[in-house]
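Heads up: the structure comes next, in structure tokens.
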Amino acid sequence: MRYTLKEILDLAQEGGFAVPAFNVYNLETLMGVALAAKETKAPVIIQMYSRLFNTGTGEFMAPVIIDVMNKLKTPVTFHLDHGAGIPECIRAMRFGTTGVMIDASTMPIDENIETTKKVVDMAREAGVAVEGELGHIGSTKDEKWDAYTEVEDAVRYVEETGIDALAIMVGTAHGKYAQAPVLAIDRIKEIHANTRAHLVLHGGSGVGDNQIKAAVNAGIRKINFGTDVCYAFMDGYKALDPYSAPLDVTMSKVAQNVKEFAIGKIKLLGAEQKGE
Ligand code: 13P
Ligand code: ZN
């Protein structure tokens with residue numbers, strides 16, 4: 084069922100759970116996520132990085148994702164992840180996304196607000212919901228990643244942009260962690276209590292189950308998983324004879340591995356059966 088980002092996160096807010104947002108990269112990762120949603124009757128967000136919309140991959144994947152979104156009986160959102168700029172957001176909307184993220188988090192807050200608001204105004208006209216980022220969520224390879232999102236900044240950002248969902252920096256980063264992070268749970272609680280935007284946690288791969296649960300209890304409503312989707316695919320492939328034909332049979336086993344991974348996260352976030 085086709086849901087906008089706002090609609091699916093409203094559901095999570097009402098139910099007190101978080102919707103998993105899985106980055107997909109190819110047909111097998113998409114199949115794995117779709118099969119997991121179907122089996123667990125869970126709402127899911129299927130997202131692609133900005134660069135995939137700039138290359139051929141997005142062009143091939145978007146119609147299939149839209150078909151999945153329309154055919155599954157559970158709520159599904161098709162989302163642009165880390166939209167690099169206004170042109171990227173426009174392009175993703177033309178490809179049929181029902182949510183877009185504008186990532187202007189490396190800009191000073193005034194410029195971030197200005198850029199984000201432009202996307203919000205445009206997306207409203209297209210019936211598409213918007214996620215913004217305040218407090219830059221970097222890479223696990225960065226030297227420092229302790230500049231948490233300030234509560235007052237978040238309040239101002241949400242009010243002035245009219246954003247639907249807000250990605251906050253509370254201790255996570257993108258990629259593989261050398262050591263599992265400890266999240267700023269109190270900061271999540273404070274931001275949740277003071278803003279109406281749905282809160283998003285990026286860098287979900289490798290975060291411990293207890294930290295994930297605490298983040299959801301504190302008010303996080305969307306958690307992104309990218310790196311671990313890649314590893315679920317690669318581990319699945321590695322376990323097989325790489326020269327076993329036919330390829331559709333081989334690859335369906337890889338998709339199964341992604342499915343099992345996705346089911347684990349759906350359950351952890353409390354999203355199982357929440358799409359009925
Ligand atoms: P990971 O690749 O660390 O899971 O992060 C995913 C993400 O935040 C996508 O935006
Ligand atoms: Zn991210």
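Straight run, no breaks: the sequence shown in our numbering ends on number 359.
C-beta: ideal position from N, C-alpha, C; glycine also.
* Beta-carbon contacts of H73 that lie in its chain and below 7 Å, excluding the five residues immediately before and after -> Nothing in the structure corresponds to residue 73, since the chain is present only between 84 and 359.
* To do: Note the first and the last residue of the continuous alpha helix (DSSP H) segment covering A338.
  => 330 to 351
* To do: List the endpoints of the continuous beta strand (DSSP E) containing N153.
  => Counting along the chain, no beta strand (DSSP E) covers N153; the unbroken alpha helix (DSSP H) around it starts and ends at 139 to 154.
* Asked: Is the distance from the Cβ of M334 to the Cβ of E111 below 7 Å?
  -> Yes. Within cutoff.
* Asked: In angstroms, rounded to a whole number, what distance separates the CA positions of A125 and N106?
  -> 16 Å
* From A297 to G139, what distance separates their C-alpha atoms? -> 39 Å
* Cα separation between K201 and A328? -> 50 Å
* Asked: Using the beta-carbon count (16 or more within 10 Å), is Q130 buried or exposed?
  -> Looking at its Cβ environment, which holds 16 or more other Cβ atoms inside 10 Å, Q130 is buried.
* To do: Could you check what DSSP says for N109 in three-state terms: helix, strand or coil?
  => coil
* To do: Apply the 10 Å Cβ neighbour rule to L330 and answer buried if 16 or more other Cβ atoms are within range, or exposed otherwise.
  => By the neighbour-count criterion, in which 16 or more other beta carbons inside 10 Å mark a residue as buried, L330 falls on the exposed side.
* Which ranges would you report for the beta strand (DSSP E) in the region 262 to 321 if only whole runs of at least 3 residues count? -> 281 to 284, 303 to 308
* To do: May I ask which residues mark the beginning and end of the beta strand (DSSP E) holding G210?
  => Where G210 is concerned, there is no enclosing beta strand (DSSP E), given that its DSSP letter is neither H nor E.
* Asked: Taking any heavy atom of ligand 1 as the mark, which residues have a C-beta closer than 6 Å to it, listed down the chain?
  -> Output, sorted by chain position: N106, D164, H165, H257, G258, H285, G286, G287, S288, N307, F308, G309, T310, D311.
* To do: Quick one: using the 10 Å Cβ neighbour count with 16 as the cut-off for buried, is M252 buried or exposed?
  => buried
* **Residues that V183 bridges to, as DSSP identifies them** => L163, V213
* Asked: According to DSSP, is S188 helix, strand or coil?
  -> coil
* **Which listed residue (L163, S188, R85, T199) has its alpha carbon closest to that of I149** => Taking only the C-alpha atoms, the option nearest I149 is R85.
* Skipping 5 residues on each side, what residues in its chain have a beta carbon closer than 6 Å to that of R174? -> F136
* With distances taken Cα to Cα, identify the nearest neighbour of A237 among D229, L249, E208. => Distance check between A237 and each of D229, L249, E208 places L249 closest, using alpha-carbon atoms only.
* Asked: Can the beta-carbon of T223 be found less than 7 Å from the beta-carbon of A263?
  -> Cβ distance not < 7 Å, so T223 and A263 don't count as in contact.
* To do: Output yes or no for whether 7 Å exceeds the beta carbon distance between V182 and A212.
  => The amino acid at residue 182 is misidentified as Val; the sequence shows Gly. Against a cut-off of 7 Å, the Cβ pair of A212 and G182 comes out as a contact.
* Asked: From A167 to S188, what distance separates their C-alpha atoms?
  -> 10 Å
* From which residue to which residue does the beta strand (DSSP E) around L249 run? -> Membership of L249 in the beta strand (DSSP E) is indicated by the continuous run 248 to 251.
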